[in-house]
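Under the numbering used here, the first residue of the sequence shown is numbered 340, with each subsequent residue one higher. Below is one structure, written out as C-alpha cells; the observations come after it.
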Amino acid sequence: MTHDIVWDCETYPNVFTLHAQHAHLPIEWSFEISDWRNDSGAIIEWVHWLGSIGARMVGFNSIGFDYPILHALCRMGQANARTLFDKAQAIIESQDDNRWMHMVKPTDRLVDQLDLFLIHHFDNRARSTSLKVLEFNMRADNISDLPFPIGTSLTQDQLPVLRAYNRHDVLQTIAFYHHSTESIRFREELTARYQRDFMNHNDTKIGKDYFVMELEAAGVQCYDYGPQGRQPRQTRRPSIALKDAILPWINFQEPEFQRVLEWLKEQTITETKGVFKDVVARVKGFDFVFGLGGIHGSVENEILESDEDSVIVDLDVTSYYPTLAIANGFYPQHLGQSFVDIYSHLFEQRKSYPKGSPENAMLKLALNGVYGDSNNVFSVFYDPLFTMRITLNGQLLLCGLAEAAMGHVPGLRMIQCNTDGMTVIVPRESRLRLKQVCEWWEKLTKLTLEQVNYRRMCIRDVNNYLGQYVNGKVKRKGAYEYEMEWHQNHSALVVPKVAEKVLLEGAPIRETVENWPDIMDFMLRVKVPRSSSLVIEYRDNGTEQQFPLQNTTRYLITKTGGHLFKQMPPLKGKELWRQIGVEAGWKVTPCNDVSEARGARVDFDWYVQEVEKLVNGLS
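Structure, rendered in C-alpha cells:
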C-alpha cells in the first residue's frame with residue numbers, strides 16, 4: 340500500500356499548526372509551534388521518518404505554499420512561529436511570476452509531494468479554485484472558512500478552534516483525494532512506464548511533455564541551453580500575412596464566404612488577439628461567425644425534433660486540428676517536418692490503445708494540446724503562423740462543407756456550426772445526397788467526418804443548448820450543464836436538471852421543482868476575496884441587524900431569513916465602502932453547516948423563475 344499522508348498547516352504570528360492523516364488508515368498526527376509549545380524537533384523527526392518509509396505527502400497547494408514552509412523549518416533545525424509566519428507571508432506576497440523562487444526542487448525535497456491543486460490545474464487563472472469552493476462542490480456537511488484573520492496574534496483559548504479548522508481542511512483534502520483517484524492512478528502509470536515524473540503535471544503539461552519526449556527521441560532540438568538555463572526554441576514573427584496561412588486551393592461559390600476569404604487574404608497582423616472581431620458571413624439567413632477559437636453560429640430559441648419526415652444530423656470532424664495539421668503538413672517552423680511525422684505517428688499510435696487506457700488518454704492529451712500551446716509565448720511549440728494556419732483553414736474548410744451541404748442537399752437547413760463540425764436538419768429522402776456531399780468533402784480535405792443523429796435539440800443560443808441523441812444520451816452546454824468540472828460553480832443544480840426534464844420529458848415546472856428530492860441541488864454559494872466581506876441583514880419591525888458571514892458561504896433561497904450583501908472596498912478615488920446585494924430582493928438562509936437547512940422554508944418561486952428562463956421563449 341502507498342503511504343499517502345494528507346496534510347495541511349496554518350500560520351499565525353505566534354502559532355504554527357500542522358495536521359496530517361493517513362489517506363487509507365486511521366492514523367493522525369498533530370503538531371504545534373507556539374508561545375506555549377514547540378514541536379520543531381518532533382516535526383523534523385516525523386518528516387525524515389516519512390522519507391525513510393517512502394511515504395508521499397499529499398496536499399492542496401502544498402508545493403507552492405505548505406511544503407516550502409515545512410522545508411525551511413527542517414533546514415533551520417529549530418524555528419518559532421514568527422519565523423514560519425514571515426516565510427508564509429513572503430510566499431503570499433510574492434508576485435505570481437516570482438512564486439517559483441520559494442518552491443523546492445523535487446530532487447531537494449525530503450519527502451515526495453503530491454499536490455492536488457496542480458494536478459487539477461487550479462494554478463491556472465481561469466481555473467483557480469479554493470478548497471472552500473471544493474467543499475461546496477463536494478457537498479460537504481460543513482464548509483469552514485479560516486476562523487481568525489491572517490496576522491492575528493492568537494490567545495491560548497483560540498488554539499482548539501485553529502486545531503479543529505486545520506483538521507477539517509485535512510479531512511476535506513482527503514475527500515478530494517478520493518475524488519481524484521483516477522487522475523492520480525493515471526499519473527502513476529505514466530511515471531512508471533516512461534520513467535519520468537508526471538505526478539504533479541496537469542493534463543495539458545502531460546500532453547506537451549510527452550510530445551517533447553518524442554520529438555527529442557527523433558533528434559529534434561526543442562530547447563537551447565545557456566547561462567540563463569534552459570530556454571524553449573520558438574519561432575517569433577513580427578507580423579503575419581494571413582494569405583500565407585491560407586491553403587491556396589480554398590475557394591467559394593457563395594459570395595459571402597468568398598468575401599470573407601478575400602478580406603482575410605488582405606490582412607497582415609502583428610498579434611493574434613482580436614484579429615477576427617466582427618467577421619461574419621450570412622448565408623441563407625444563417626450567420627457564420629469567425630473567431631480565433633473557431634467558427635460558430637446557431638439558430639436561437641428553437642426546439643427541433645427528428646420525425647418521420649426529417650432528421651437532425653450532427654457532423655463532427657475526427658480529431659480536427661491534429662488531422663488538419665497532419666493532412667496539410669503544418670508545423671512550427673523551428674521544429675521542422677519531423678513535427679508532422681511525430682504528430683502522425685502519435686495519431687496512429689493512439690488507435691492501437693483501447694479507449695480508457697492510460698496510453699490512449701495520454702496520446703489524446705499530446706495530440707490536442709499542441710494547437711493551444713502554439714500560441715503560448717512560453718511554449719516550445721510557439722509559432723503564431725502555425726496557430727493561424729490551423730484556425731483559419733479549419734474555419735474555411737467547414738464553410739466549404741456548409742456551402743456544399745446548403746447548396747446541394749434539397750431541403751437542408753443549418754442549425755449549428757461550431758469549431759469542429761456542424762448540425763443540420765435534413766429531409767429523410769435527402770440523406771443519401773448529404774452522405775455524398777460528406778464523402779466529396781472528405782476526399783477533398785483528407786479529413787474524416789463522424790455522424791450521429793439527434794432525437795431532439797433545445798437551443799437558446801450557440802453556447803446554451805440541450806441535445807438528445809437517438810440512443811437517449813444527452814449533450815448539455817452552457818446554462819443546461821449540471822455534470823460540472825471541479826472549478827465550475829455547482830450552484831442551484833436543480834435549475835438545469837428540472838429544465839432538462841421539462842424540455843425532454845414534458846414535466847411540469849413548479850410541480851417538479853417542489854417535489855425535487857435532493858436539497859443539496861437547491862444550494863448556492865457566494866465567494867468574496869479577503870479584501871471584502873459578506874454580511875446577512877435581518878429586518879424586523881423597522882429595525883435592521885447585520886451579522887458577518889464567512890467569505891465562502893453556502894445558502895438557500897428561502898421564505899424566511901435575511902438579505903445577503905457583499906461589502907466591497909471603495910472604488911479608486913472614493914471613500915465609501917460599497918454594499919452590493921446578492922440575490923437582491925430575495926431572502927436567504929446560510930447553510931454552511933448542512934443541518935441549518937433542516938426546517939428551512941425553500942422559496943420555490945426563485946427556482947421556478949430560473950427554470951423558466953431556460954425553458955420559456957423556446958419554440
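All residues carry an ideal CB built from backbone N, CA and C; glycine is no exception.
Whole-Å CB distance - residue i paired with residue j, under 8 Å assumed
| i | j | result |
| --- | --- | --- |
| Tyr659 | Gly733 | 6 Å |
| Ile523 | Ile651 | With 8 Å as the limit, Ile523 and Ile651 do not qualify as a contact, their Cβ atoms being about 40 Å apart. |
| Tyr808 | Arg799 | About 19 Å separates the two Cβ atoms, so there is no contact after all. |
| Phe904 | Val874 | 5 Å |
| Val638 | Val618 | Not confirmed; about 20 Å, so no contact. |
| Thr350 | Ile408 | 7 Å |
| Arg869 | Val947 | Not quite, the Cβ-Cβ distance comes to about 35 Å (not below 8 Å), so this is no contact. |
| Phe399 | Leu455 | 5 Å |
| Met396 | Gln452 | 5 Å |
| Lys612 | Ile585 | Actually they do not touch by this definition, with Cβ atoms about 19 Å apart. |
| Gly636 | Cys756 | 5 Å |
| Val354 | Leu498 | 7 Å |
| Glu555 | Gln511 | Not confirmed; about 40 Å, so no contact. |
| Pro661 | Tyr692 | Not quite, the Cβ-Cβ distance comes to about 16 Å (not below 8 Å), so this is no contact. |
Residue range of the alpha helix (DSSP H) that includes residue i
| i | result |
| --- | --- |
| Ala429 | Ala420 to Glu432 |
| Met761 | That residue, Met761, is in no alpha helix (DSSP H); its beta strand (DSSP E) goes Gly760 to Pro766. |
| Arg937 | Counting along the chain, Arg937 falls outside any alpha helix (DSSP H), and DSSP gives it neither H nor E. |
| Asn699 | Pro697 to Asp712 |
| Pro835 | Val833 to Glu844 |
| Arg414 | Tyr406 to Met415 |
| His507 | Leu498 to His518 |
| Phe475 | Leu470 to Asn476 |
| His684 | Gln676 to Lys690 |
Those residues which DSSP pairs with residue i across a bridge
| i | result |
| --- | --- |
| Arg395 | Asp343 and Asp451 |
| His358 | Asp347 and Ser369 |
| Thr892 | Val865 |
| Ala580 | Thr607 |
| Tyr819 | Tyr819 is not bridged to any residue. |
| Phe456 | According to DSSP, Phe456 bridges with nothing at all. |
| Thr662 | None; Thr662 has no bridge partner. |
| Leu736 | Leu736 pairs with nothing; no bridge assigned. |
| Leu643 | Met796 |
| Asp563 | Gln570 |
| Lys814 | Gly806 |
| Val791 | Asp653 |
| Gly901 | Val927 |
| Asn481 | Asp932 |
Residue i burial status per 10 Å Cβ neighbour count (16 or more: buried)
| i | result |
| --- | --- |
| Lys690 | exposed |
| Met440 | exposed |
| Lys616 | exposed |
| Val500 | exposed |
| Tyr562 | exposed |
| Gly956 | exposed |
| Lys471 | buried |
| Tyr564 | exposed |
| Tyr533 | exposed |
| Gln573 | buried |
| Pro909 | exposed |
| Glu367 | exposed |
| Pro835 | buried |
| Ala359 | buried |
| Pro587 | exposed |
| His387 | exposed |
| Pro723 | buried |
Boundaries (first-last residue) of the beta strand (DSSP E) holding residue i
| i | result |
| --- | --- |
| Asp653 | Ser649 to Val656 |
| Asp959 | One cannot answer for residue 959 here, as it falls past the ends of the chain, which runs 340 to 958. |
| Gln672 | Element bounds for Gln672: n/a, residue is neither H nor E. |
| Asp626 | Phe625 to Val628 |
| Arg466 | Premise fails: Arg466 is in no beta strand (DSSP E) and is neither H nor E. |
| Tyr808 | Asn803 to Tyr808 |
| Cys930 | Premise fails: Cys930 is in no beta strand (DSSP E) and is neither H nor E. |
| Met753 | Arg752 to Asn757 |
| Ala620 | Val619 to Val622 |
| Arg917 | Arg917 to Val921 |
| Gly546 | Premise fails: Gly546 lies in the alpha helix (DSSP H), Asp542 to Ala556, not in any beta strand (DSSP E). |
| His635 | His635 to Ser637 |
Residue i Cβ short of 7 Å to the ligand NAD heavy atom set
| i | result |
| --- | --- |
| Phe525 | This structure lacks the ligand NAD; in fact it carries no ligand of any kind. |
CB contact below 8 Å: residue i versus chain D
| i | result |
| --- | --- |
| Ser578 | Absent from the structure: chain D. Only one protein chain is present. |
| said: Check whether the segment 468-484 and the segment 928-947 touch, using three or more Cβ-Cβ pairs below 8 Å as the test. | reply: yes
| Okay, do the segment 846-863 and the segment 876-887 touch, 3+ Cβ pairs below 8 Å being the bar? | no
| query | Is the number of C-beta pairs between the segment 500-511 and the segment 887-901 that are closer than 8 Å three or more? | reply | no
| message | Can you confirm whether the segment 777-786 touches the segment 730-746 when touching is taken to mean that 3 or more C-beta pairs between the two stretches lie within less than 8 Å? | response | yes
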